[in-house]
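Novice: The structure is given below, and queries will be raised subsequently.
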Amino acid sequence: MSRIGRMPVQIPQGVTVSVNDSLVQLKGPKGESSLAIPRGIDVVVADSTIQVATNRKDKPGKALYGLTRALLANQVKGLTQGFTKTLELVGVGYRANITGTNLVLSVGYSHPVTITPPQGITLSVADGKILVSGADKQQVGQIAADIRAVKPPEPYKGKGIRYEGEYVRKKAGKAAKAVGGK
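To convert, count from 1 in the sequence shown and add 3; that's the numbering used here.
See the structure below:
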């Protein structure tokens, strides 16, 4: 059995959880969310905890058991604390600006690149860093990946958009290879 699936999810103050057949609906200070429960998984709300149980003994059933518990825990955390991802702009002349709710990137192309965030995601810019925040972990990660994909870091100079703390291994250029030997 899944060790993660067995652990109960604590429901903090201000979050309400309701279970209807195969749908769990959560409401909290940062918004609302819902999760469809797969067949064979049972969700029970008791006191201030959410307990996930399975009646399937096959491998996919066990995997869905742990996955469902992790998704519920992420939704509870997102509705109370929220999730953030930070991206760094590395390169001379690379800029990011917020226009309304849209992010406008100037990263070496002949035109600025505009990114429109979906509902529930907020973008902010400070000191060459882009902050993506929201209540849905998957959506925050996807928007951060979309922003990074505009200009991923290149391996020769390291210029581009990268996650905060991401290590970019640099390659030696042609000149450095030519000196080393034949």
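Here a beta-carbon is modelled for each residue, glycine too, at the ideal position from N, C-alpha and C.
(1) Measure the beta-carbon distance from R172 to I164 and round it to whole angstroms, keeping in mind my assumption that it falls under 8 Å.
(2) Who are the Cβ neighbours of A56 in its own chain at under 6 Å, not counting the five residues just before and after it?
(3) How would you write the range of the beta strand (DSSP E) that Y170 sits in, first residue to last?
(4) On the three-state DSSP scale, how would you describe D45?
(5) Give every residue of the same chain whose Cβ lies closer than 8 Å to the Cβ of L26, excluding the five residues on either side of it in the sequence, and list them in chain order.
(6) Between the C-alpha atoms of G34 and L82, what's the straight-line distance to the nearest angstrom?
(7) Beta-carbon within less than 8 Å of G194's beta-carbon, same chain only, minus the 5 sequence neighbours each way: which residues are those?
(8) Is E47 buried or exposed, if buried means 16 or more other CB atoms sit within 10 Å of its CB?
(9) Do G85 and K162 have their C-beta atoms closer together than 7 Å?
(10) Helix or strand or just coil, what does DSSP make of G64?
(11) Per DSSP, K30 forms a beta bridge with which residues?
(12) Taking the continuous beta strand (DSSP E) assigned at Q54, which residues delimit it?
(13) Using only alpha-carbon positions, find the residue among D61, P158 and T102 that is nearest to P115.
(14) On a CA-only basis, which of I53, T89 and D61 is nearest A73? Give me that one, please.
(15) Report the CB separation of G31 from G17 in whole angstroms; it is logged as a contact under 8 Å.
(16) Less than 8 Å between the CB atoms is what I'm expecting for A99 and V143, so what's the real figure, rounded?
(17) Taking the alpha-carbon of I146 as reference, which of Y159, A138, S109 and I124 has the nearest alpha-carbon?
Specialist: Let's see:
(1) The distance from the Cβ of R172 to that of I164 is about 17 Å, inconsistent with a contact at the 8 Å cut-off.
(2) A distance below 6 Å between beta-carbons, with the five flanking residues on each side excluded, links A56 to the following residues of its chain, in chain order: D45.
(3) Element bounds for Y170: n/a, residue is neither H nor E.
(4) strand
(5) S37, L38, A39 and I40
(6) 6 Å
(7) Lying outside 4 to 185, the shown extent of the chain, residue 194 is not represented and no answer is given.
(8) First, the amino acid is wrong: residue 47 is Val here, not Glu. Exposed.
(9) It is not a contact, given that the beta carbons lie outside the stated cut-off.
(10) The three-state secondary structure of G64, taken from DSSP, is helix.
(11) T19 and E35
(12) T52 to T57
(13) T102
(14) Distances from the CA of A73 to each of I53, T89 and D61 were compared; the closest alpha carbon is that of I53.
(15) 6 Å
(16) Actually they do not touch by this definition, with Cβ atoms about 17 Å apart.
(17) Nearest C-alpha to I146: I124.
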